[in-house]
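Here's the structure we're looking at; comments come further down.
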Amino acid sequence: MREIITLSFGQTAGHINADYFNSQEHYFPLATKSTSDPTVRFRRGVATDSRTETYNPRLLTWELKGGYGAFQAFNQFYTEGDKSQPQVWNEGEIKEIKEQPVDKNEYQKALDLGRENASQLNTDTTKRWTDYNRLFHHPKTRHQLDNWLFDPDTAPQGIHRGGDQKWTGFDVGVNEWEHVLNSDKEYLDSTLRSWVEECDSLGGLNVVVDDSAWAGVAAKILANYRDDFDAKGTVVTWSVEAKPEKKTRETQKNAIQTTVALSQVSSIYIPVSFPTKTPIDADFDPTSPWHQAALFGLSVYEPVQLMATQRTGGLSLDAMAALLDTTGERNIVSEVGGTLTDVDGDKSTVQYDSRLFQELFLPSRIPPKTPHVFSDLSIARLEDQDDDANSYRLNQPMPEVSSQPEFTKQFVSSKTRLAVTTKPRRTLLDMAKFVSVYERGDEREEMKQELGDMASKYEHGWEEESDDDDDY
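Per the numbering used here, the very first residue in the sequence shown carries number -4; after that it's consecutive.
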């Protein structure tokens, strides 16, 4: 078994993973017949009564204070008296954090009674991912930054509890990480290492992070993971921009820091941007994180994740990384998209290419060229696969889960594509120019050189030598 542990940083990441793990629950009753092996993504455990067998997601979540809403650390399987599971944990007591309670919505109350009613969910009742989460999590999988507050209405970006500073900016996350380590030198041992060591054969880490200060936290955690635990293990990182931000020097600097830091600690780095407009019907609300996560899950995220859990004919995380990064030096995926087919045979294509590759950092007189594709991966779910070596077929049915929005029910099959292209070259050179123009300090020249070296890995053809209007 090649277990995969998912790390989820922030609300957008939480929505994506709640949708995904909810959908995996659909396959449990079909476990013996399912093409997917649930133990890759779920861990088997024993409840506090020492009798009841439980299955918890191999999912570690990080949130700001208030981010978990009504979702409690302890539940009917793990009570407050369950401070540890000796066969897994020896890192001390669980710290229960008291916070202003958030009332459960009607959907969660119904689930507590063993019922479910999809009509109780709408865009107003699903502002937190915990509003429609269906699964019990082990108490030690949830982690919270107490210095920062989240509220979907009054502080959607997150705010420092001592003032007006927002939870935005790569450096803000780095500084908070340093504060965490100063308070607890063994933080990674208690939050990540124990989960890694309980695996029989770790297949890798799947990381989803918001495009916010969480990027700084995630980059530091992954860098420490590389240094202390697993220097060569597979790490696939998804960096998600949920809402387009106004282009400022600060947001551009954050994009540079995030791209460099996360791509360096990842085997495959997949930056994506949620679209503001889609061909999906009028029932889809692009302002709803619940809707966006469900659409992204159906068209891209779930098919990619399912490939690593297939009993036969699948694709492990390390094999996927090797397929996409054929040289060991080009690990940034720059084309991400999916096509969904409905019951009438009509198709809707949604692109998630990062806005990094759509909007230049600095003005340029030279129009972008048609990108060259170095490598790609396509997944046909209940459809005919493409006739090439990097195309895979997925026979897993579409999920049928009450927690998903109504518009998802119309789709019966899908095609997903990830590609590594020449697009990052132009963006990385623009980043280097930005650093040259606006940055000061000792790290300026090193950062310019680093970005230039990264850009050179995405060159293709003789014409690449002369398509820049000036040197960086």
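Beta carbons: idealized from backbone N, C-alpha and C, even for Gly.
Since the structure is predicted, the reported quantities are computational estimates derived from the model, not experimental observations.
Roughly how many angstroms lie between the CA atoms of serine 451 and glycine 164, to the nearest whole one?
Translated into positions along the sequence shown, residue 451 becomes position 456. Translated into positions along the sequence shown, residue 164 becomes position 169. Their backbone Cα atoms lie some 27 Å apart in a straight line.
Please state whether DSSP places threonine 475 in a helix, a strand or coil.
Summary: the structure shown does not reach residue 475, with the chain confined to residues -4 through 467, and so no result is reported for it.
Secondary structure at glutamine 19, three-state DSSP: helix, strand or coil?
On the sequence shown, residue 19 is found 24 positions in, with the first residue counted as 1. Three-state result, glutamine 19: helix.
Use the C-beta contact count for glutamine 353: other C-beta atoms within 10 angstroms, 16 or more gives buried, fewer gives exposed.
Counting from 1 along the sequence shown, the entry for residue 353 is found at position 358. With a threshold of 16 other beta carbon atoms within 10 Å, glutamine 353 falls short and is exposed.
Rounding to the nearest angstrom, what Cα-Cα distance links glutamate 58 and serine 29 in this structure?
For the purposes of this step, residue 58 is taken as the residue at position 63 of the sequence shown. For the purposes of this step, residue 29 is taken as the residue at position 34 of the sequence shown. Each residue's Cα considered, the two are about 33 Å apart.
Answer yes or no: do valine 295 and valine 331 have a C-beta to C-beta separation smaller than 8 Å?
In the sequence shown, residue 295 corresponds to position 300, counting from 1. In the sequence shown, residue 331 corresponds to position 336, counting from 1. Contact: yes.
Identify which residue in Met302, Gln103, Gly109 and Leu55 has its Cα closest to the Cα of arginine 188.
Working through the sequence shown from its first residue, we reach residue 188 at position 193. Ranking Met302, Gln103, Gly109 and Leu55 by Cα distance to arginine 188 puts Leu55 first.
Please say whether phenylalanine 369 and phenylalanine 279 have beta carbons closer to each other than 8 Å?
To locate residue 279, count along the sequence shown from 1; it is residue 284. To locate residue 369, count along the sequence shown from 1; it is residue 374. Contact flag unset, no.
Measure the beta-carbon distance from leucine 130 to lysine 60 and round it to whole angstroms, keeping in mind my assumption that it falls under 8 Å.
For this step, residue 130 is matched to residue 135 along the sequence shown. For this step, residue 60 is matched to residue 65 along the sequence shown. Leucine 130 to lysine 60, Cβ: 22 Å. No contact.
Go ahead and pull the three-state DSSP assignment for histidine 455.
As a first step, residue 455 must be located in the sequence shown, where it is residue number 460. Note: histidine 455 maps to coil in three-state DSSP.
Exposed or buried, which one is asparagine 177 when buried takes at least 16 other CB atoms within 10 Å?
The residue labelled residue 177 in the question sits at position 182 within the sequence shown. Exposed.
Quick check: what's the CA-CA separation for aspartate 371 versus histidine 455?
In the sequence shown, the residue the question calls residue 371 occupies position 376. In the sequence shown, the residue the question calls residue 455 occupies position 460. Their Cα atoms are separated by approximately 16 Å.
For the stretch 377 to 404, list the beta strand (DSSP E) runs that are entirely contained and at least 3 residues long, ordered along the chain.
386 to 389
Compute the Euclidean distance between the alpha carbons of alanine 8 and alanine 288, then round it to the nearest angstrom.
Looking up residue 8 in the sequence shown gives position 13. Looking up residue 288 in the sequence shown gives position 293. Cα to Cα, alanine 8 sits roughly 9 Å from alanine 288.
What's the C-alpha gap between arginine -3 and tyrosine 22?
Residue numbering aside, residue -3 sits at position 2 when the sequence shown is read from its first letter. Residue numbering aside, residue 22 sits at position 27 when the sequence shown is read from its first letter. The straight-line gap from Cα to Cα measures roughly 18 Å.
State yes or no: is the C-beta of asparagine 142 nearer than 7 Å to some heavy atom of the ligand MG?
Within the structure as shown, the ligand MG is missing, as the structure has no ligands at all.
Do you know how far the Cα of glycine 292 is from the Cα of glutamate 101?
Here residue 101 refers to the residue found at position 106 of the sequence shown. Here residue 292 refers to the residue found at position 297 of the sequence shown. Going by C-alpha positions, glutamate 101 is about 24 Å away from glycine 292.
Helix or strand or just coil, what does DSSP make of threonine 7?
Position 12 of the sequence shown, counted from the start, is the residue given in the question as residue 7. Here threonine 7 sits in helix by DSSP.
How far does the alpha helix (DSSP H) with lysine 104 in it reach, from first residue to last?
As a working note, residue 104 is residue 109 in the sequence shown. That run of the alpha helix (DSSP H) goes 101 to 107.
What does the alpha-carbon distance come out to for the pair alanine 427 and glutamate 434?
Counted from its first residue, the sequence shown places residue 427 at position 432. Counted from its first residue, the sequence shown places residue 434 at position 439. Each residue's alpha carbon lies about 10 Å from the other.
On the CB-based measure, 16 or more other CB atoms within 10 Å of its CB, does leucine 2 come out buried or exposed?
On the sequence shown, position 7 is the one that residue 2 refers to. The residue is buried, with at least 16 neighbouring Cβ atoms inside 10 Å.
Tell me whether the stretch 393 to 401 and the stretch 114 to 129 touch, counting them as touching only if at least three CB pairs, one residue from each stretch, are closer than 8 Å.
Under the Cβ criterion (8 Å, minimum of three pairs), the stretch 393 to 401 counts as touching the stretch 114 to 129.
Sorted by chain position, which residues of the same chain lie with C-beta nearer than 6 Å to tryptophan 285's C-beta, five sequence neighbours on each side aside?
The count along the sequence shown starts at 1 and reaches residue 285 at position 290. Answer for tryptophan 285: Thr121, listed in chain order.
If you follow the alpha helix (DSSP H) that proline 266 is part of, which residue opens it and which one closes it?
As a first step, residue 266 must be located in the sequence shown, where it is residue number 271. Element bounds for proline 266: not the alpha helix (DSSP H) but the beta strand (DSSP E), 263 to 268.
Taking the beta carbon of glycine 62 as the centre, do at least 16 other beta carbons fall within 10 Å, making it buried, or is it exposed?
Counting from one through the sequence shown, the residue named residue 62 turns up at place 67. Here glycine 62 is buried, its C-beta having at least 16 other C-beta atoms within 10 Å.
Just reading off the beta strand (DSSP E) that glutamate 297 is part of, what are its end residues?
Position 302 of the sequence shown, counted from the start, is the residue given in the question as residue 297. Here glutamate 297 belongs to no beta strand (DSSP E); instead the alpha helix (DSSP H) covers 297 to 302.
To the nearest whole angstrom, what separates the beta carbons of glycine 199 and glycine 228, a pair I think is in contact under 8 Å?
Here residue 199 refers to the residue found at position 204 of the sequence shown. Here residue 228 refers to the residue found at position 233 of the sequence shown. Glycine 199 to glycine 228, Cβ: 6 Å. Contact.
With H, G and I counted as helix, E and B as strand and the rest as coil, what does DSSP make of glycine 447?
Locating residue 447 in the sequence shown gives position 452, where the first residue counts as 1. Three-state DSSP puts glycine 447 in a helix.
Looking at the strands, I want to know which residues DSSP matches up with glutamine 305.
Mapped onto the sequence shown, residue 305 falls at position 310. DSSP lists Ser31 as partners of glutamine 305.
Taking C-beta to C-beta, are phenylalanine 406 and threonine 336 nearer than 8 Å?
Along the sequence shown, read from residue 1 onward, the residue named residue 406 stands at position 411. Along the sequence shown, read from residue 1 onward, the residue named residue 336 stands at position 341. Yes, the Cβ-Cβ distance between phenylalanine 406 and threonine 336 is below 8 Å.
Please give the ranges of any alpha helix (DSSP H) in the stretch 161 to 235, keeping only runs that are unbroken, at least 4 residues long and fully inside the region.
165 to 178, 189 to 192 and 209 to 223
Under 8 Å: do the stretch 267 to 283 and the stretch 437 to 448 share three or more Cβ pairs, one atom per stretch?
no
With DSSP as the reference, label alanine 317 as helix, strand or coil.
The residue you call residue 317 lines up with position 322 of the sequence shown. Three-state DSSP puts alanine 317 in a helix.
Using only CA atoms, which one of Lys242, Thr136 and Ala214 lies nearest to glutamine 252?
What you label residue 252 is simply residue 257 of the sequence shown in a count that begins at 1. Of the candidates Lys242, Thr136 and Ala214, the one whose C-alpha sits nearest the C-alpha of glutamine 252 is Ala214.
Decide if serine 408 is buried, meaning its Cβ has at least 16 other Cβ atoms within 10 Å, or exposed.
Within the sequence shown, numbered from 1, the residue matching residue 408 stands at position 413. Buried.
So isoleucine 374 and valine 328 are supposed to be a Cβ contact under 8 Å. How far apart are they, rounded?
Here residue 374 refers to the residue found at position 379 of the sequence shown. Here residue 328 refers to the residue found at position 333 of the sequence shown. The Cβ separation is near 14 Å, so there is no contact.
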